[in-house]
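**Student:** Mind looking over this structure? Questions follow.
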Amino acid sequence: MAIDMSQFHQVFFDEADEHLSSMESLLLGMDQSCPQQEDLHAVFRAAHSIKGGAATFGFADMADLTHVLEGLLDEVRRGARALSSDLVDLVLRAKDVLYGMLAAHKGKGEADAALAGELKAQLEALAAAPAEAATRRATPEETRHWTLYLEIDVVDGVDIDALLESLAEHGDLSVVQHGEDADKLPWVAVFTSPLDAAEVAESLAFALPQDSFRINVDHGVEEEGSFGLFLEAAPEPDASVWLEGDGFGLFEPPPAETAPQDEAPALDPDVAKPAARGGAVGENSIRVNIDKVDLLLNLVGELVITQSMLTQSGAGLDPVAHERLLGGIGALQRNARELQEAVMSIRMTPIAFVFNRFPRVVRDLAGRLGKKVELTMMGEGTELDKGFIEKLSDPLTHLVRNSLDHGIEAPEARQAAGKDPVGRLTLRAFHQGSNIVIEVSDDGAGLNRERILAKARQGGLAAPASLGDAEVWNLIFEAGFSTAAEVTEVSGRGVGMDVVKRNIQSMGGRVEIDSMAGIGTTISIHLPLTLAIMDGMSVRIGAETYVMPLGAVLESLQPAPSEIKTVAARGQVVAIRGEYLPIVPLGRFFSIPDARRTPSEAILVIVEAGNSRLALLVDDLIGQQQFVVKNLETNYRKVDGISGATILGDGQVAMILDIAAIARHNQRMALDA
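Numbering (the numbering used here), first residue to last: 1 to 673.
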């Protein structure tokens with residue numbers, strides 16, 4: 001049966017992406033004076049696997065570049081070449097070029113052939129130059145060679161010749177039997193090299209499906225041993241000791257068979273897996289197209305709406321006469337919630353996938369700017385919706401570059417100000433209620449209030465001196481705004497911060513700035529955990545129903561008239577345990593004519609948005625439940641104070657309140673009063 005190998009391209013792309021990311025993180029985390037042997041092996045294996053897969057699928061540009069790169073990395077891991085900063089820089093540049101090639105093969109742009117050729121020439125020149133050996137002694141494991149028996153089935157679309165040729169570069173490979181297309185006989189080869197069975201299996205798995213190759217392990221031979229002992233024939237090994245390829249998790253594994261313990265050395269399960277941190281997907285994981293997960297999530301959303309309709313329909317039934325029906329509706333509600341949480345967990349991804357690219361960004365940019373910067377990352381395990389992960393990269397990159405270019409001073413300026421010459425840049429992620437907060441903080445010079453106001457007035461923006469600090473900082477998000485004294489290749493063109501804000505708002509989030517002159521700046525991105533389904537409290541305002549995100553609700557109460565005060569420039573406030581909170585009548589905010597206006601006759605819902613608390617005046621509380629969030633801007637337009645819409649159990653549409661936007665509007669009204 002012919003196999004369409006193009007179906008495996010996406011698997012190769014995903015694996016290569018992971019290997020390139022792993023290479024970068026490992027290289028940046030290495031102590032160049034004394035690198036860990038495990039890390040060196042992992043970097044080599046990543047390059048080797050990419051080369052093997054690229055050659056098999058016909059991506060010659062990637063195969064050629066990784067061939068040269070792999071040779072250098074092999075010398076480093078064997079101790080024949082010392083790991084230098086120049087070599088690390090070159091390997092990191094090669095990673096960037098390979099990433100561009102990978103994007104081109106995905107159909108996303110074109111690779112820079114000239115840059116690739118220049119880099120390949122530099123790698124070849126370095127490989128040809130006399131190498132300074134690493135000052136370490138080889139361990140017995142490094143000098144040991146393995147003799148492996150390979151049996152590879154003929155697979156349509158796979159160039160097994162190229163596959164074996166790439167292996168032959170790392171040892172002595174003798175083909176005992178050529179596969180014949182007519183009879184579909186397998187290839188059989190004997191391979192003696194420093195690569196162990198797990199490394200060879202990883203290389204073959206880039207191109208071959210499950211059950212199409214098997215590896216039998218013989219006793220290792222010393223480096224001086226003969227590599228020609230098995231040229232004429234190879235004994236047929238016991239099938240029970242073949243090491244099967246992992247098949248990328250696309251195929252079901254065959255039934256396990258118990259092998260006699262004395263027939264071959266057992267493979268350590270930990271050794272058989274990639275050693276790179278954050279490497280390829282393990283054997284207990286599968287790759288699923290994100291569109292399939294989104295479809296499943298949409299179906300769960302429809303189920304939640306249906307469950308809400310049934311709950312509302314059953315609300316008026318006699319609980320005694322319809323006990324079983326109401327019990328079933330309650331079970332459906334619980335199961336729908338558990339299903340929704342399970343599906344959402346599939347989409348949740350650690351923010352480390354974004355954070356891990358910034359050590360390289362900080363290293364390169366700080367070096368170019370002549371600054372010393374120490375990067376600290378906190379909360380890398382914090383999980384966020386995968387859709388946000390993909391969209392966060394560009395905004396965070398811009399904020400990090402701004403901190404390095406404008407925020408953190410040069411070492412001389414820091415010393416003159418009594419600071420440590422090494423600047424501190426911190427990336428932090430954490431949960432706050434139903435939101436996730438991502439902070440980019442630096443200990444630099446901070447924002448200059450007077451310069452921002454002057455630039456704003458120069459650009460025709462309304463910028464009275466009475467503006468609060470938060471309002472002044474928000475001016476930098478205006479289109480074309482920049483306080484840079486000169487335009488550099490890093491920043492200063494006034495393009496970017498407005499885009500950052502727009503991108504974050506498109507995800508239902510907001511950006512806040514806190515800065516102090518001489519101390520530093522913190523930019524906080526607040527995002528909802530998900531845009532799909534939320535827990536909310538439905539309230540009635542006049543004849544209309546609105547939904548508040550439950551994570552923002554602190555409490556609700558009906559105040560006594562004595563607790564209501566009127567404060568100049570702030571309007572009505574309510575005293576809550578010694579704290580005066582501004583009252584926002586939502587009926588007036590949304591121009592609902594029949595809504596209640598008197599606090600003592602209505603209900604106040606105390607909500608929190610960032611560092612602000614306020615009391616929202618509503619007519620009545622309806623209840624708490626899950627709501628499916630629909631994007632309002634996609635079908636209508638942006639409405640101030642509204643973050644989205646949802647469908648209620650009776651089929652009506654209700655608006656979801658944007659608590660942060662209402663709080664900001666109330667602050668502006670107080671300032672203008």
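Note that the Cβ used here is the ideal one computed from N, Cα and C, for glycine as well.
1) Look at the Cβ atom of residue 382, then the Cβ atom of residue 346, and state whether they are nearer than 8 Å.
2) Does residue 405 pass the burial test, meaning 16 or more other C-beta atoms within 10 Å, or should it be called exposed?
3) Quick one: give me the first and last residue of the beta strand (DSSP E) that residue 430 is part of.
4) Reducing DSSP to helix, strand and coil, say where residue 563 ends up.
5) With H, G and I counted as helix, E and B as strand and the rest as coil, what does DSSP make of residue 441?
6) With residue 213 and residue 106 assumed to form a contact (beta carbons below 8 Å), what rounded beta-carbon distance in angstroms separates them?
7) Helix, strand or coil, according to DSSP, for residue 314 in the structure here?
8) Three or more beta-carbon pairs under 8 Å between the segment 610–628 and the segment 542–553, yes or no?
9) For residue 435, list the residues DSSP reports as bridge partners.
10) Going by C-alpha to C-alpha distance, which of 558, 391 and 192 sits closest to residue 173?
11) To the nearest whole angstrom, what separates the beta carbons of residue 632 and residue 360, a pair I think is in contact under 8 Å?
12) Let me know the secondary structure DSSP gives residue 636 once reduced to three states.
13) Using only the alpha-carbon positions, how far apart do residue 287 and residue 57 sit?
14) Please name the residue in 94, 297 and 518 whose C-alpha comes closest to that of residue 417.
15) Check each candidate in 543, 461, 642 and 450 and name the one with the smallest Cα separation from residue 658.
16) Could you give the DSSP three-state label for residue 590: helix, strand or coil?
17) Which word fits residue 521, buried or exposed, when buried means at least 16 other C-beta atoms lie within 10 angstroms of its C-beta?
18) Three or more beta-carbon pairs under 8 Å between the segment 551–564 and the segment 587–603, yes or no?
19) With H, G and I counted as helix, E and B as strand and the rest as coil, what does DSSP make of residue 92?
20) Please state whether the Cβ-Cβ distance between residue 351 and residue 384 is less than 8 Å.
21) For residue 76, which of helix, strand or coil comes out of DSSP?
22) With respect to the alpha helix (DSSP H) encompassing residue 540, which residues constitute its N-terminal and C-terminal limits?
23) For residue 380, I'd like the list of residues in its chain whose CB is within less than 8 Å of its CB, leaving aside the five on either flank, ordered along the chain.
24) Residue 627 lies in the alpha helix (DSSP H); which residues open and close that run?
25) State the DSSP-derived secondary structure class of residue 292, mapped to helix, strand or coil.
26) What I want to know is whether the C-beta of residue 401 ends up closer than 7 Å to one or more non-hydrogen atoms of the ligand GTP.
27) If you follow the alpha helix (DSSP H) that residue 387 is part of, which residue opens it and which one closes it?
28) Less than 7 Å between C-beta atoms, sequence neighbours within five positions excluded: which residues of the same chain meet that for residue 388?
29) Using the three-state DSSP reduction, which class does residue 653 fall into: helix, strand or coil?
30) So the alpha helix (DSSP H) residue 130 belongs to, where does it begin and stop?
31) Are the CB atoms of residue 426 and residue 497 nearer to each other than 8 Å?
32) Helix, strand or coil for residue 65? Go by DSSP, reduced to three states.
33) Counting C-beta neighbours from all protein chains within 10 Å, is the total for residue 295 16 or more, i.e. buried, or is it exposed?
34) Specify, as a first and last residue, the run of the beta strand (DSSP E) that residue 555 falls within.
35) Bridge partners of residue 617, per DSSP?
36) Between which two residues does the beta strand (DSSP E) containing residue 108 stretch?
**Tutor:** On the basis of the coordinates in this document:
1) no
2) buried
3) 422–432
4) For residue 563, the secondary structure class from DSSP, reduced to helix, strand or coil, is helix.
5) strand
6) The Cβ separation is near 26 Å, so there is no contact.
7) Note: residue 314 maps to helix in three-state DSSP.
8) yes
9) 432 and 528
10) 192
11) Between residue 632 and residue 360 the beta-carbon gap is near 38 Å, outside 8 Å, which marks them as no contact.
12) Per DSSP, reduced to three states, the secondary structure at residue 636 is coil, with no helix or strand assignment.
13) 20 Å
14) Its Cα nearest to that of residue 417, the residue 518 stands out among 94, 297 and 518.
15) 642
16) coil
17) Burial is judged here by how many other beta carbons sit within 10 angstroms of a residue's own beta carbon; residue 521 has at least 16 and is buried.
18) Enough Cβ pairs lie closer than 8 Å, so yes.
19) helix
20) yes
21) helix
22) Not the alpha helix (DSSP H): residue 540 falls in the beta strand (DSSP E), residues 533–541.
23) 350, 351, 352, 355, 356 and 429
24) Not the alpha helix (DSSP H): residue 627 falls in the beta strand (DSSP E), residues 620–628.
25) helix
26) By its list of ligands, the structure shown contains no ligand whatsoever, and the ligand GTP lies outside what it can speak to.
27) 386–402
28) 507 and 527
29) strand
30) Looking at the DSSP string, residue 130 is not in any alpha helix (DSSP H), and its letter there is neither H nor E.
31) no
32) helix
33) exposed
34) Taken as a continuous stretch (DSSP letters only), the beta strand (DSSP E) holding residue 555 covers 553–557.
35) 585 and 604
36) It is not in any beta strand (DSSP E) - residue 108 carries neither H nor E in the DSSP assignment.
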